[in-house]
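Enquirer: In the numbering used here, the protein residues as written are 21 to 324.
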Amino acid sequence: MPLPLIYHEDYSPEFPAEHRFPMDKFRLLHDYLVDSGLTTDQALLRPEICPNDILALAHDRSYIERYLNGDLSREDQRRLGLPWSEALARRTVRAVGGSLLSAEMALQHGIACHLAGGTHHAHFDHPAGFCIFNDLAVISRYLLEAGRVHRVLIFDCDVHQGDGTARILHDTPDAITVSLHCEQNFPARKAQSDWDIPLPRGMGDTAYLKVVDDALNYLLPLYRPDLVLYDAGVDVHKDDALGYLQLTDAGVAARDEAVLRHCLGRDIPVMGVIGGGYSKDRVALAKRHGILHHSAARVIGCSQ
Numbered sequence: 021m022p023l024p025l026i027y028h029e030d031y032s033p034e035f036p037a038e039h040r041f042p043m044d045k046f047r048l049l050h051d052y053l054v055d056s057g058l059t060t061d062q063a064l065l066r067p068e069i070c071p072n073d074i075l076a077l078a079h080d081r082s083y084i085e086r087y088l089n090g091d092l093s094r095e096d097q098r099r100l101g102l103p104w105s106e107a108l109a110r111r112t113v114r115a116v117g118g119s120l121l122s123a124e125m126a127l128q129h130g131i132a133c134h135l136a137g138g139t140h141h142a143h144f145d146h147p148a149g150f151c152i153f154n155d156l157a158v159i160s161r162y163l164l165e166a167g168r169v170h171r172v173l174i175f176d177c178d179v180h181q182g183d184g185t186a187r188i189l190h191d192t193p194d195a196i197t198v199s200l201h202c203e204q205n206f207p208a209r210k211a212q213s214d215w216d217i218p219l220p221r222g223m224g225d226t227a228y229l230k231v232v233d234d235a236l237n238y239l240l241p242l243y244r245p246d247l248v249l250y251d252a253g254v255d256v257h258k259d260d261a262l263g264y265l266q267l268t269d270a271g272v273a274a275r276d277e278a279v280l281r282h283c284l285g286r287d288i289p290v291m292g293v294i295g296g297g298y299s300k301d302r303v304a305l306a307k308r309h310g311i312l313h314h315s316a317a318r319v320i321g322c323s324q
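#1: Which whole-angstrom value describes the C-beta separation of ILE288 and LEU240, a residue pair presumed to lie in contact below a C-beta threshold of 8 Å?
#2: Compute the distance between the beta-carbons of ASP80 and PHE144, then report whether it is under 9 Å.
#3: Closest to THR185 by CA distance: which of ALA270, PHE150, ASP91 and ASP155 is it?
#4: Using the rule of at least 16 other Cβ atoms within 10 Å of the residue's Cβ for burial, across every protein chain shown, is VAL293 buried or exposed?
#5: Measure how close the beta-carbons of LEU135 and TYR31 come, nearest whole angstrom, since I'm counting them as under 8 Å.
#6: Based on the DSSP secondary-structure assignment, which residues constitute the bridge partners of THR197?
#7: Measuring alpha carbon to alpha carbon, tell me which residue in ARG318, ILE320, LYS307 and GLY321 is nearest VAL54.
#8: Rounded to the nearest angstrom, what separates ASP214 and GLY297 at their Cα positions?
#9: Buried or exposed for ALA37, going by 16 or more other Cβ atoms inside 10 Å?
#10: Excluding the five sequence neighbours on either side, which residues of its own chain have a C-beta within less than 7 Å of the C-beta of LEU58, listed in chain order?
#11: Using the Cα positions of ARG66 and TYR27, report the straight-line distance between them to the nearest angstrom.
#12: At what residues does the beta strand (DSSP E) containing GLY292 begin and finish?
#13: Taking the alpha-carbon of ALA208 as reference, which of SER199, ILE217, ASP183 and ASP225 has the nearest alpha-carbon?
#14: Excluding the five sequence neighbours on either side, which residues of its own chain have a C-beta within less than 8 Å of the C-beta of THR60, listed in chain order?
#15: For the stretch 75 to 95 and the stretch 138 to 153, state whether three or more C-beta atom pairs, one from each stretch, are separated by less than 8 Å.
#16: Which residues does DSSP pair with HIS39 in a beta bridge?
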């Protein structure tokens, strides 16, 4: 089975070159995965734009309209940290559509990976931390309300806590939020996930991987989810500009393979989103994000 990979050309709109958010990393990730022979451009699945009615399962309708119309308040613009444009607004709803498509492909094939996604700081009625709409919360609410799944587990390994996801889904008992994050990092005010696993600054490969294995060995049999949403943030890497952990390339690959094997070994479908990653060396960053997709290909290659 070829690995379902989801991408769209809208993902890297024109953006200020000096901005600290690496908007071109999505295009560079696409180029890296094609150049490395993992996929072809023709094989990539292109998503539709996520409809407002689906966004509204996790977000306030007036907030959706304000953002799409470019009417955010100055305070919300400050919280977000991204300059508004029509292209960025289109990219935003297209990327949520991409995460939805990735979840659908995972339910059909057992595994799928997005070349974007993981916008876990977006809240019900406001943006934050480069995140506008929360794809993880939208997917969870959509699949649960449609009866496609009875329980979903979000395993968020971004270096920053998934505070928006935790707050949006706090009253959705069948969406289990799990956040492994550096304790002393953004956001300053943490939310309460179902399972928060705060990590000390400077943690390296061996200790981190033990936490991942212990968490999944406990949580997956406990909840027996019908789908795992895996946020594979690479801001845990030692060279990340905004993270304070010390994982190497090999450590990130071992993490990704461990998460995917834990899920597939229990016949639990899993979809991966790339989450956070920040570096001035955008080509190196794209390759770092590509560890997820290459790890997924290795895992299903071994399982066939």
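C-beta: ideal position from N, C-alpha, C; glycine also. Just so it is clear, the structure is predicted and the values come from calculations on it, not from any experiment.
Expert: Per the coordinate set shown:
#1: In this structure ILE288 touches LEU240 by the C-beta definition: roughly 7 Å separates them, less than 8 Å.
#2: Yes, they are a contact pair.
#3: If you compare the alpha carbons of ALA270, PHE150, ASP91 and ASP155 with that of THR185, the shortest gap goes to ASP155.
#4: Flag for VAL293 reads buried.
#5: Rounded, the Cβ-Cβ distance is 7 Å, consistent with contact.
#6: Paired residues: ILE174.
#7: Comparing Cα-Cα distances from VAL54 to each of ARG318, ILE320, LYS307 and GLY321, the minimum goes to LYS307.
#8: Using only the alpha carbons, I get a separation of about 24 Å.
#9: The residue in question, ALA37, is exposed, as its Cβ has fewer than 16 Cβ neighbours within 10 Å.
#10: Counting only Cβ-Cβ distances below 7 Å, and skipping sequence neighbours, we find HIS313, HIS314 and ALA317.
#11: Going by C-alpha positions, ARG66 is about 6 Å away from TYR27.
#12: Residues 290 to 293.
#13: Measuring from the Cα of ALA208, the nearest candidate turns out to be ASP183.
#14: Taken in chain order, the residues that qualify are VAL54.
#15: Verdict: yes, contact present.
#16: HIS39 pairs with nothing; no bridge assigned.
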